[in-house]
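Protein chains in written order, with our numbering: chain A, 7 to 176; chain B, 7 to 176; chain C, 604 to 1102; chain D, 604 to 1102. Built from N, CA and C at the ideal position, the CB exists for glycine as well. These notes concern the structure reproduced below.
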Amino acid sequence: MVKVYHLEFGGQSYEVGVEKAGSKTSVTVDGKKRFVDLARLNGSGAFSILLDGRSFDLEVKESEKGLLVFALGQQFDLIVEEERAYRARLASGGGKTAAREKEARAPMPGLIVKIEVAVGQVVEPGQGLLIMEAMKMENEIKAKGTGKVKEIKVAERQPVEQNQVLITFE
Amino acid sequence: MVKVYHLEFGGQSYEVGVEKAGSKTSVTVDGKKRFVDLARLNGSGAFSILLDGRSFDLEVKESEKGLLVFALGQQFDLIVEEERAYRARLASGGGKTAAREKEARAPMPGLIVKIEVAVGQVVEPGQGLLIMEAMKMENEIKAKGTGKVKEIKVAERQPVEQNQVLITFE
Amino acid sequence: MFKKILVANRGEIAVRVIRACRELGITSAVVFSEADRKSLAVRLADEAYPIGAPPVKESYLVAEKIIEMAKKCGAEAIHPGYGLLSENSAFAQQVQQGGMVFIGPKAADIRILGDKVEARRLAKEAGIPIVPGVEFPSGRSEADALGEAEKLGFPLLIKAKAGGGGKGMRQIERKEDFPSALKLASSEARSYFGDGSVYLEKYLHRPRHIEIQVLADAHGNCIHLGERECSIQRRHQKLLEESPSVAVDASLRQKLGGAAAALAQKAGYLNAGTVEFLVDEKKNFYFLEVNTRLQVEHPVTEMVTGLDLVALQIKIAAGERLPFAQGDVKWNGWAIECRINAEDPAQNFFPSSGKIDVYREPAGPGVRVDSGVYQGWEVGLFYDSLLAKLICWGPDRAGALARMRRALEEFRLFGIATNIPFHKALVNHPRFFSGDFSTFFLEEEKGIMDGSEAGLEVALIGSVLYKELKRGESRLRQAAATLASQWKGEARRAALRQW
Amino acid sequence: MFKKILVANRGEIAVRVIRACRELGITSAVVFSEADRKSLAVRLADEAYPIGAPPVKESYLVAEKIIEMAKKCGAEAIHPGYGLLSENSAFAQQVQQGGMVFIGPKAADIRILGDKVEARRLAKEAGIPIVPGVEFPSGRSEADALGEAEKLGFPLLIKAKAGGGGKGMRQIERKEDFPSALKLASSEARSYFGDGSVYLEKYLHRPRHIEIQVLADAHGNCIHLGERECSIQRRHQKLLEESPSVAVDASLRQKLGGAAAALAQKAGYLNAGTVEFLVDEKKNFYFLEVNTRLQVEHPVTEMVTGLDLVALQIKIAAGERLPFAQGDVKWNGWAIECRINAEDPAQNFFPSSGKIDVYREPAGPGVRVDSGVYQGWEVGLFYDSLLAKLICWGPDRAGALARMRRALEEFRLFGIATNIPFHKALVNHPRFFSGDFSTFFLEEEKGIMDGSEAGLEVALIGSVLYKELKRGESRLRQAAATLASQWKGEARRAALRQW
């Protein structure tokens, strides 16, 4: 029996099917079926995975949003839902994506140097929202999607904590 | 207040005093007092230790005998007792050392190739007791102390498990 | 030779100095802040002493505490590493006044060569071309500054007069942006270096950043060890360095090396130093500044010359003669260094922090890693984001790059975001591979990491399998609980039957 | 060039081959036994395929399974590493018959040069001195053997005719011990190599074990890469190797190198191979045997020549020409390798097993580690005890040794016993340092590790602090439990008051 999971990364949706037959497990992504073997490397969330023989290391950690996965040196913040839960959410009007960008957060502790937008302003993806100083450098926080600024929750020269909400969008 | 521990390694006895005064801890070995700082490196038994500023890494694991300690690349199998327990054991006639060598054990799984002693024979430290094959090599198991062979619990060509008792002494 | 050296630094460079000490049979003592009690440097040093709270201003920048600790533990010399107090002439002076040796240049050299204006004056006197620029002391009017800026022409750079390492540096494209940029740069300069004076400098078109390593002993010997190419920078922070440079041939090497050594000689320089140049597309070169300390990127020079720069620093500081002459320096092969930083490429390279859950460095032939971390280490936000330097050697540039590609793929560092994916994209980039780049490279190639989500499919599959594993485990726990309650029931029934 | 190579080995050498493949842009596939599912080689390879149960006879020695897997995954060539099937001429033949390339010599070369008697005959023909010795086929009478032995004189060595790597080798000091030793050696030879024939060889007085690396391509080019000194052995197992050797000067190097290359040329040899010699105190040398494969200790040659032997093996197997001539080979500095084994020095160097709880390799300038393990890896008893090779380079022997001392001190490997303390004692031993040693060294210096219990005091203090920590933790738990029960009581009382 194939079990289907619904995943989201960077606003994109993905479906992965997983099937167990005896001692063999297979996954299906984009219609391509592969045999997999997952082996836990140590007490933590580190694994070795073989995908039709291709070898990868990865780490999986539970995160606020879903799972934080490290693979090929990269970090992926994924939302993972069983198909059933996903369909239930859709049916209850939960929207097609689980977590639409509704706010800008501070990626690390720092100091707000400059606010570059105003309430009511419509921003485009990649547009600068504000500049914060952290680790002796000034960094620009950019909009990840289109949105209309609802509230600016910080002021210039204000120190902020990691993950603090800076700006909300309508 | 100084608390005293009694330790044994390789048939030798050692005493270590430990004293806590406020946030400072000191230890006394051979009459020499030193300030120590122990910091746990990770979930397991790995530590960083500063002894009057001198820095060492070590690992401590619970073992059958007491503690198995790794320091400076070496492995030490220690018996550690609080002074009280040590004195109680002495008083109850437990002998001066906690674990006198009373038997020869297999240091690893292997095959007994040759038995070099007979029951009733008195052996000297370093004398060959038997030869076992392990890891494609033949290795001689030697007597660690003086003793009279009481029982030979294995036969030639017999496979043995790690830690299996091979010979007992009177 | 010294019996004990105190290392007044942290991270990978503290480890680097500890290694050199140990190879020379010198006891190494390191100072550490509360955040660094379990650091690799503390673990590897012979001795380690606490000097205060995590913020550098309460520990690693407090000269008095460090000097007191050095005296107390009986150190005869202090190695400052790079950054922190390494270019602080007052600290060098205090060390000397404390009866110890500062492993680096004389305090006066640090002061003079560390001052951009003084250094330019010296370079000019030594006949070395300099980038057009002008000093601008804090206090002069904005109008004056704008006038000077217009004389130089845009684009231009504003730098802190007393600074280094790209800190407080600003690039201005248009006249309109100048006044506000000047204000910010001056205020940054004041807060970081205690002096709001800045320096305005012409911004060359697509220059390369090429620097020359020099070594001078106390016996009048002064040599250079060839160049390092450091053009790959983001926000004036070097990310990848190599030696030699594709842009430097034997003739240019001789000119640059000669100029650098002449300047050092003229300044009566002592110990290791680096003379930075900009080299334009026509191979004209311009003096930029002097770094009066060991550079982060010194390993690439070590790998092509076979020399140990830190050991040489220590020997020079102990009064020994350089054990070779300029003619004995031989360059062999090619070396490249990638700085592995705790930075999140997905978040505009913001510093990241957290626990390193999995850490295994690449190794094997031609690979060197200078690192300050280990599996289980918590990366905090108090210090800069450099975790490790990955240096690869090959018989030629293609060989070194092939090895770097291999080593980057092999690096296992899970738990926090790093710039490893950036380096993978960089060393696979055709323009970088061809050698056709300048300090503008990363600005010109903003999309360098686009489409580099090779790990996504593995991540998708991995997370589904992880969920299945968790589900299996929780089912197992449930089954065990059911079984246990069944047993209990059974036992109760059995007990009842007995009665 | 090949697109995919199958690595028919495990441990550090599988990792080594995977690295070379990756640097050449070749896909690497490794086979693994059930015990190696999580091995470093499996983790680092591009592809990994299971071939059976842990015992080598059910996995790594089953030629058919390996060849089937290679075909199935589309490999064009197979690298056998060292040990296992690497010197099995039938395997080499099967690989070729399967339409793939065996990365190593031709099957016939393996058979002929791997046969001690044939190899000696070839060497004799090439005019190379050989150690006096005689073949002794299984089946001949014991009396005959004793006669031959007496002709050679004691001490002598009994070796398996078809063997290598010290397996089945026995040294006999006195006539009386000969018959039983012969019986044992012959039975061991039969069980390991399928042939009970042995070889009796005169045992030279305090010889050095010096070997020459040769490389030969399919275009008639055959060169040597200088010597490796491998005299530090226990039970005929090499423990530390270096290149160059203190006993070899330029003239001897030329003689040894010339002899080795001549022998290889005469045999029409292909790919990498090693010619082993014994060198006596008067610098007379005697041919010993040929190893028709990559050696464990190849990295010391790589570090002094700057060459990548595994990459060259692959290129030669792909039909490429050697990219340099004998005259282009340059030796630079000194390299030393310590084999880090899972062996317990306190238990007569018995193999140890268990989980590696803490693992951090030494790194930094001049240090290379070729390892097959990682933190968390379980060392089992199915395979040989080599965990990692620590290789250090320095400009001269003293420099390489200083670095090795530093690297050994820096190595963190906790959880199982290793021979690191032995290596520490060795590299600090004055006679070893002076270079005055032979293959008898470890026999002569049996007390080399006496008194090397530097860690004991730290262990004593550490365990007391550990006990205190545990006591504190359990007290804390107790206090929490008491508090909880107090709260419960309080809640009960509060509830009662309510009513």
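For residue i, tell me which candidate among the options has the shortest Cα-Cα distance.
{"i": "residue 648/C", "options": "660/C, 662/C, 623/C and 671/C", "result": "623/C"}
{"i": "residue 661/D", "options": "714/D, 1029/D, 985/D and 735/D", "result": "985/D"}
{"i": "residue 999/D", "options": "909/C, 905/C and 991/C", "result": "909/C"}
{"i": "residue 975/C", "options": "1008/C, 621/C and 609/C", "result": "621/C"}
{"i": "residue 702/D", "options": "883/D, 709/D, 708/D and 678/D", "result": "678/D"}
{"i": "residue 70/A", "options": "164/A, 83/A and 79/A", "result": "83/A"}
{"i": "residue 717/C", "options": "706/C, 728/C, 704/C and 691/C", "result": "691/C"}
{"i": "residue 920/D", "options": "901/D, 656/D and 896/D", "result": "896/D"}
{"i": "residue 9/A", "options": "17/A, 44/A, 39/A and 15/A", "result": "39/A"}
{"i": "residue 779/D", "options": "748/D, 957/D and 762/D", "result": "748/D"}
{"i": "residue 1009/C", "options": "610/D, 1064/D, 627/D and 787/D", "result": "627/D"}
{"i": "residue 840/D", "options": "772/D, 710/D and 978/D", "result": "772/D"}
{"i": "residue 861/D", "options": "883/D, 1063/D, 890/D and 845/D", "result": "890/D"}
What first and last residue would you give for the beta strand (DSSP E) that runs through residue i?
{"i": "residue 20/B", "result": "18-27"}
{"i": "residue 12/B", "result": "8-15"}
{"i": "residue 890/D", "result": "888-894"}
{"i": "residue 783/D", "result": "It is not in any beta strand (DSSP E) - residue 783/D instead sits in the alpha helix (DSSP H) that spans 781-796."}
{"i": "residue 846/C", "result": "840-846"}
{"i": "residue 1042/C", "result": "That residue, residue 1042/C, is in no beta strand (DSSP E); it is neither H nor E in DSSP."}
{"i": "residue 763/C", "result": "759-763"}
{"i": "residue 916/C", "result": "No beta strand (DSSP E) contains residue 916/C, which is instead part of the alpha helix (DSSP H) from 912-920."}
Using the DSSP secondary-structure output, state which residues sit across from residue i in a beta bridge.
{"i": "residue 954/D", "result": "946/D"}
{"i": "residue 811/D", "result": "882/D"}
{"i": "residue 682/C", "result": "610/C"}
{"i": "residue 111/B", "result": "171/B"}
{"i": "residue 963/D", "result": "1015/D"}
{"i": "residue 819/D", "result": "825/D and 874/D"}
{"i": "residue 153/B", "result": "129/B"}
{"i": "residue 73/A", "result": "68/A and 84/A"}
{"i": "residue 993/D", "result": "941/D and 972/D"}
Which residues bound the alpha helix (DSSP H) around residue i?
{"i": "residue 650/D", "result": "Element bounds for residue 650/D: not the alpha helix (DSSP H) but the beta strand (DSSP E), 650-655."}
{"i": "residue 853/C", "result": "853-869"}
{"i": "residue 1037/D", "result": "1033-1037"}
{"i": "residue 712/C", "result": "710-717"}
{"i": "residue 552/C", "result": "Missing from the structure shown is residue 552/C; chain C here goes from 604 to 1102 and no further."}
{"i": "residue 904/D", "result": "901-908"}
With 8 angstroms as the C-beta to C-beta threshold (strictly closer), list the residues of the region 914-938 of chain C near chain D in chain order. 935 and 936
Could you run through the region 32-66 of chain A and flag, in chain order, every residue whose CB is less than 7 angstroms away from some CB of chain D? 45, 47, 48, 54, 56, 59, 60, 61 and 63
Closer than 9 angstroms, Cβ to any Cβ of chain B: which residues of the region 1041-1065 of chain D, in chain order? The region 1041-1065 of chain D vs chain B, Cβ under 9 angstroms: 1055, 1056, 1057, 1058, 1059, 1060, 1061, 1062, 1063, 1064 and 1065.
The region 647-679 of chain C: which residues have C-beta closer than 8 angstroms to a C-beta of chain B, in chain order? Going along the region 647-679 of chain C in chain order, one finds 647, 648, 649, 650, 651, 652 and 676 with a Cβ nearer than 8 angstroms to chain B.
Compile a chain-ordered list of the residues in the region 612-626 of chain D whose CB is closer than 8 angstroms to at least one CB of chain A. none
Listed in chain order, which residues of the region 1007-1021 of chain C have Cβ atoms closer than 9 angstroms to some Cβ of chain A? 1011, 1012, 1014, 1015, 1016, 1017, 1018, 1019, 1020 and 1021
Using a beta-carbon distance cut-off of less than 7 angstroms, what residues from the region 971-1004 of chain D approach chain A? 979
Give, in chain order, every residue of the region 848-872 of chain C whose Cβ lies closer than 7 angstroms to some Cβ of chain B. Per Cβ criterion, the list is empty.
For the region 663-673 of chain D and the region 689-704 of chain D, state whether three or more C-beta atom pairs, one from each stretch, are separated by less than 8 angstroms. yes
Check whether the region 939-951 of chain D and the region 987-1006 of chain D touch, using three or more Cβ-Cβ pairs below 8 angstroms as the test. yes
Does the region 74-90 of chain B come into contact with the region 108-124 of chain B, if we say contact requires no fewer than three beta-carbon pairs (one atom in each stretch) closer than 8 angstroms? no
Kindly confirm or deny that the region 145-156 of chain B and the region 604-612 of chain C touch, where touching means at least three C-beta pairs closer than 8 angstroms. At 8 angstroms Cβ cutoff, the stretches do not touch.
With three or more beta-carbon pairs closer than 8 angstroms as the criterion, would you say the region 960-974 of chain C touches the region 875-890 of chain D? no
Is it true that the region 746-761 of chain D meets the region 803-811 of chain D, where meeting means three or more beta-carbon pairs spaced less than 8 angstroms apart? yes
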